[in-house]
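In my numbering, the protein residues as written are 118 to 746.
Notes for the one structure printed next.
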């Protein structure tokens with residue numbers, strides 16, 4: 118019989134049990150590390166502040182991708198962690214994200230250029246976290262957890278405040294004011310609808326901004342700080358079922374604005390065509406000239422805008438809920454909202470049907486606030502993200518990612534390539550992370566808090582001991598299904614994963630053999646194959662003209678990454694196709710070291726064959742005193 122993955126034998130006569138020692142030789146191909154594409158496993162994306170690069174979260178790693186020129190950067194390279202919910206800092210220098218690399222979700226930051234390691238800003242959370250949102254000044258991060266708690270975290274001092282708690286659900290619509298002193302979000306009321314709240318950094322208090330009558334969410338601040346736009350479900354014209362007496366709401370959402378100050382002008386006042394008087398025109402032209410001179414003195418273009426600090430946002434909370442203005446748009450199935458200079462961006466979709474697709478594709482629309490006109494920017498979308506400056510929008514459509522100018526009738530687009538999204542997959546590390554995340558998700562989201570009375574911690578600890586024996590993804594799925602089955606619950610399924618044998622990794626070979634000097638803790642070039650550089654198939658990289666590599670040299674670094682006894686040198690040579698730079702020295706230290714660059718090969722078979730022939734000739738010559746060839 119089987120017990121904990123082992124075969125045991127029970128002797129019915131003596132009552133003794135004995136574990137059978139069964140060993141099956143195996144190459145462990147399914148546990149072999151490999152570089153795999155993550156392009157089909159993108160779970161999140163956004164743009165850099167000015168739209169020069171795109172940020173993707175794929176297969177647990179963070180990537181930045183150039184819109185046109187440059188290379189794709191993997192910023193985290195964590196096969197054993199799930200990095201997600203990434204957001205670019207306003208100054209473009211850093212990226213904040215959620216990672217479970219320490220065993221629980223915590224907030225981290227990493228440099229956007231890929232330099233340095235990620236830094237954890239929190240360490241004590243024990244629940245799933247959601248996307249951190251940067252304040253425009255980059256000083257704070259706001260984020261939420263699965264329990265509905267809303268936090269504000271100081272990036273520099275790492276001081277954390279719990280500013281709100283949604284007792285009934287989770288919060289996904291955090292929005293900072295332009296001056297970084299206010300944070301808007303929605304909370305669910307006792308009657309089941311959501312209302313807008315605004316937190317003040319000055320006094321640390323969260324105040325209600327709207328009443329409880331309607332469903333309100335997705336706050337978005339006017340760049341000038343005069344209005345807070347939001348979505349609200351207020352158009353109830355239900356469709357009645359033809360089969361049973363029931364109804365369904367469709368196209369019930371509209372866009373609204375709160376006038377933050379009592380003296381704020383109406384964002385869409387009555388329109389009236391008036392005669393333009395010549396005197397007024399001259400006066401306006403004169404004012405324009407003075408304005409142009411002022412701009413010239415202050416600076417030019419984007420530099421002047423960058424230096425200009427946002428004006429303080431003032432909010433009169435007395436009567437705020439009554440200062441609601443409806444944006445002149447028809448109610449729709451609206452699922453997203455962003456306010457950019459002069460315009461609103463929002464997405465719409467058709468009605469939802471069970472069993473078939475909607476007859477209407479999702480669209481990204483843009484509303485001109487001055488002209489009060491809405492137009493379709495992109496048809497058939499599956500997601501979108503706007504740059505912080507509001508100039509660019511990245512759209513996912515038909516499996517591709519395309520960049521548009523965020524303005525009406527923008528037809529020119531640039532396709533952002535995801536072809537180079539690749540991760541270094543280490544199956545054993547991935548499997549452990551998957552196990553831990555599944556365990557945490559049941560802990561966090563099981564429909565009853567007591568998990569049917571079972572000790573979930575003990576169950577997890579018991580099944581975690583089986584991970585060293587997992588040799589294939591199907592093994593992991595089996596372990597997970599058995600663990601979840603302990604809860605005696607239905608509708609809990611485990612499926613999916615990588616079942617194919619990984620491809621053989623490609624290595625930028627130097628045509629040499631490494632040997633470890635254990636005393637020095639460094640690798641040496643123990644043997645350099647001479648080859649025959651006149652023939653391409655016998656080319657020996659380290660003996661080519663201009664490559665000063667010698668047998669016995671210590672290899673201190675490969676392409677700038679230090680090589681020590683704890684790292685296999687071939688690990689640093691994986692997927693190297695461009696010239697590789699070695700840092701070499703006759704002694705195991707960097708003092709006086711030199712750098713040599715070689716053109717790698719992907720197969721040393723020809724060199725080994727040539728070396729074997731040369732060795733045979735030498736032995737024959739030595740054995741016969743040179744009389745036999």
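Heads up, the beta-carbon is just placed ideally off N, CA and C, and yes, glycines get one too.
| Which whole-angstrom value describes the C-beta separation of residue 216 and residue 228, a residue pair presumed to lie in contact below a C-beta threshold of 8 Å? | In this structure residue 216 does not touch residue 228 by the C-beta definition: roughly 15 Å separates them, more than the 8 Å allowed.
| request: Inspect the beta-carbon positions of residue 377 and residue 313 and report whether they are closer than 9 Å. | output: The answer is no: Cβ separation not under 9 Å.
| said: Does the segment 720-731 come into contact with the segment 565-574, if we say contact requires no fewer than three beta-carbon pairs (one atom in each stretch) closer than 8 Å? | reply: Taking one beta carbon from each stretch, the segment 720-731 and the segment 565-574 have fewer than 3 pairs nearer than 8 Å; the two do not touch.
| field | Reference residue 557, options 613, 573, 548, closest by Cα | value | With distances taken between Cα atoms, residue 557 lies closest to 573.
| Length-filtered (4 minimum) alpha helix (DSSP H) runs lying within the segment 566-591 | As far as the segment 566-591 is concerned, its whole alpha helix (DSSP H) runs of at least 4 residues are 573-581.
| query | How would you write the range of the alpha helix (DSSP H) that residue 65 sits in, first residue to last? | reply | The requested residue 65 is not part of the displayed model; the chain covers only 118 to 746.
| said: Alpha carbons only, please: which of 174, 476, 547, 345 is nearest the one belonging to residue 497? | reply: Closest in C-alpha terms to residue 497, from the list 174, 476, 547, 345, comes 476.
| Whether residue 244 touches residue 226 by CB criterion (9 Å) | Contact annotation: residue 244 and residue 226 have beta-carbon atoms that are not nearer than 9 Å.
| request: Determine the DSSP secondary structure at residue 303, reduced to helix, strand or coil. | output: Of the three classes helix, strand and coil, the one that applies to residue 303 here is strand, per DSSP.
| Cα-Cα separation, residue 389 to residue 163 | Rounded to whole angstroms, residue 389 to residue 163 spans 40 Å at the Cα level.
| field | Spatially closest choice to residue 697 from 669, 624, 532, by CA coordinates | value | If we check each option's Cα against that of residue 697, 624 comes out closest.
| Are residue 352 and residue 448 close, meaning C-beta to C-beta below 9 Å? | At a Cβ-Cβ threshold of 9 Å, residue 352 and residue 448 count as neighbours.
| said: Using the Cβ count rule (16 or more neighbours within 10 Å means buried), how would you classify residue 363? | reply: Under this definition residue 363 is an exposed residue.
| said: Is the beta carbon of residue 509 closer than 9 Å to that of residue 168? | reply: Cβ atoms of residue 168 and residue 509: closer than 9 Å.
| request: State whether the segment 666-682 contacts the segment 647-657, with contact taken as three or more CB pairs (one from each stretch) at a distance under 8 Å. | output: Too few Cβ pairs lie closer than 8 Å, so no.
| Does the distance from the C-beta atom of residue 126 to that of residue 136 stay below 9 Å? | Yes, they are a contact pair.
| query | So, helix, strand or coil for residue 647, using DSSP? | reply | Under the three-state reduction of DSSP, residue 647 is assigned to coil, being neither helix nor strand.
| query | Under a three-way DSSP split, which group does residue 604 fall into? | reply | In the structure shown, residue 604 sits in coil (DSSP, three-state: anything other than H, G, I, E or B).
| said: Check for me: the beta strand (DSSP E) holding residue 731 runs from which residue to which? | reply: Residue 731 -> not in any beta strand (DSSP E); alpha helix (DSSP H) instead, spanning 722-740.
| message | Taking 8 Å as the cut-off, does the segment 600-620 touch the segment 629-644 (at least 3 CB pairs, one atom from each stretch)? | response | Taking one beta carbon from each stretch, the segment 629-644 and the segment 600-620 have fewer than 3 pairs nearer than 8 Å; the two do not touch.
| field | Terminal residues of the alpha helix (DSSP H) in which residue 617 lies | value | For residue 617, no alpha helix (DSSP H) encloses it, and the DSSP letter there is neither H nor E.
| task | Measuring alpha carbon to alpha carbon, tell me which of 740, 344, 281 ends up nearest residue 324. | result | Of 740, 344, 281, the residue nearest in Cα terms is 281.
| Top-ranked residue by Cα proximity to residue 468, from 370, 254, 688 | If we check each option's Cα against that of residue 468, 370 comes out closest.
| message | Less than 9 Å between the C-beta atoms of residue 311 and residue 300, yes or no? | response | No. Outside cutoff.
| request: Under 8 Å Cβ to Cβ from residue 588, same chain only, skipping five residues before and after it: list those, please. | output: For residue 588, where only same-chain residues beyond five positions count, the Cβ hits under 8 Å are 143, 145, 147, 148.
| said: Please state the DSSP three-state secondary structure of residue 687. | reply: In the structure shown, residue 687 sits in a helix (DSSP, three-state: H, G or I).
| message | Taking a contact to mean a Cβ-Cβ separation below 9 Å, would you say residue 738 touches residue 699 in this structure? | response | Result no, Cβ atoms of residue 738 and residue 699 do not sit closer than 9 Å.
| field | Runs of beta strand (DSSP E) wholly within the segment 207-284 (minimum 3 residues, chain order) | value | 211-216, 223-228, 257-261, 266-271, 277-282, all fully within the segment 207-284.
| query | Hey, quick one: how far does the beta strand (DSSP E) through residue 712 stretch, first residue to last? | reply | Where residue 712 is concerned, the enclosing beta strand (DSSP E) stretches over 711-715.
| query | Grouping DSSP H, G and I as helix and E and B as strand, with all else coil, what is residue 598? | reply | Looking at residue 598 - three-state DSSP - the assignment turns out to be helix.
| task | Specify the secondary structure class of residue 124 as computed by DSSP and reduced to three states. | result | Under the three-state reduction of DSSP, residue 124 is assigned to strand.
| field | Bounding residues of the beta strand (DSSP E) (the contiguous stretch that carries residue 200) | value | In the DSSP assignment, residue 200 falls within the unbroken beta strand (DSSP E) covering 200-205.
| task | Please determine, among 320, 309, 342, the residue with the shortest C-alpha to C-alpha distance to residue 333. | result | The shortest CA-to-CA distance from residue 333 to any of 320, 309, 342 is the one to 309.
| field | Residues sharing a beta bridge with residue 370, DSSP | value | In the DSSP assignment, the residues bridged to residue 370 are 350, 449.
| Mapping DSSP to helix, strand and coil, what is residue 330? | DSSP places residue 330 outside both helix and strand once states are collapsed to three, so it counts as coil.
| Selected residue, minimal CA-CA separation from residue 120, among 642, 382, 596 | Ranking 642, 382, 596 by Cα distance to residue 120 puts 596 first.
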